[in-house]
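Data first, discussion second: the structure below is written as structure tokens.
In my numbering, the protein residues as written are 61 to 200.
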């Protein structure tokens, strides 16, 4: 009977070792599971943070595109105004050149007009029918 007792004791001891080993393995699995949960939670938090940052970047890009469009439109309007002002300035320049040419021609003709004025005054003054002698007084 001793042999059966001893075999029972050995079996109990083996079962206890297996139980202890399984308990140890279970504790390790609990630690791994806990660490896995913490890592999963950290990953999800990081993923949420990255999603928020990505959305902010998308908003920034959208606003930058709007700002770029507004600046392009404003620069186009400004360029149109510059072109219009340049055309007006060119027209004014042409008119000024035309007026200058007419002025130069008039200055040339003034001498002729003064000559004819003198001839006309002489003819009037020498005319015996002239009653207005004030015209004939030469101004000096």
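Built from N, CA and C at the ideal position, the CB exists for glycine as well.
So for residue i, helix, strand or coil by DSSP?
i, result
"residue 161", "helix"
"residue 96", "helix"
"residue 186", "helix"
"residue 200", "Only weak support is given to the placement of residue 200: the predicted model assigns it a pLDDT of 42, under 50, and the question is left unresolved by the model."
Going straight from the alpha carbon of residue i to that of residue j, what length do you get?
i, j, result
"residue 185", "residue 167", "27 Å"
"residue 175", "residue 189", "23 Å"
"residue 153", "residue 141", "18 Å"
"residue 65", "residue 93", "41 Å"
"residue 83", "residue 107", "35 Å"
"residue 151", "residue 134", "26 Å"
"residue 173", "residue 157", "24 Å"
"residue 139", "residue 122", "25 Å"
Going along the chain, which unbroken runs of the alpha helix (DSSP H) with 4 or more residues stay wholly within the segment 112-165?
None, since the segment 112-165 contains no complete alpha helix (DSSP H) of that length.
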